[in-house]
Amino acid sequence: MLSAIAYGLAVVLSLFCVLIGARFLLAPRASAAGYGVPVKPDEDPAYLTIKGLRDLSYGLLGLALIAFTSAEAVAWYMLIVAINPLGDTLIVLRHGRKAVAFGVHFATAVVVLLNAVLLFAL
């Protein structure tokens, strides 16, 4: 049962990364607003493309690790990848809305870290 929960959560988190990355590539300005730090109309959205590629690649890497490696490898990946939502929390706290920083980014970091703990327990 624990294995199904741990791997299921890892798959969902990785798919969310893929979807978030794809959204940033396809609709960068709307995605930035949802991220918590909107882009001004006259700004170049190049950094949003970088964020999209980052999230997309992390999601695909997570799915590959789930498919081809051990629970311990996926756990280490989740532990390391939790740096991203923790960093996003700090960025949004500095430049955006606190509710989004804690309600989206920090909450995501907690879930990713919880998933790492579950995977290490297997």
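Each step along the sequence shown adds one to the number in UniProt numbering, with nothing skipped, and position 49 is 49.
By construction, the Cβ of each residue, glycine as well, lies at the ideal position given by its N, Cα and C atoms.
Item: For Glu43, the first and last residue of its enclosing alpha helix (DSSP H); Value: That residue, Glu43, is in no alpha helix (DSSP H); it is neither H nor E in DSSP.
Item: Inter-residue CB distance, Ile5 and Leu118 (contact presumed, cutoff 8 angstroms); Value: 6 angstroms
Item: Local Cβ density within 10 Å of Met1, reported as buried at 16 or more and exposed below that; Value: exposed
Item: The region 88-107 contacting the region 43-50, beta-carbon criterion three pairs below 8 angstroms; Value: no
Item: Length of the line joining the Cα atoms of Val11 and Asp55; Value: 14 angstroms
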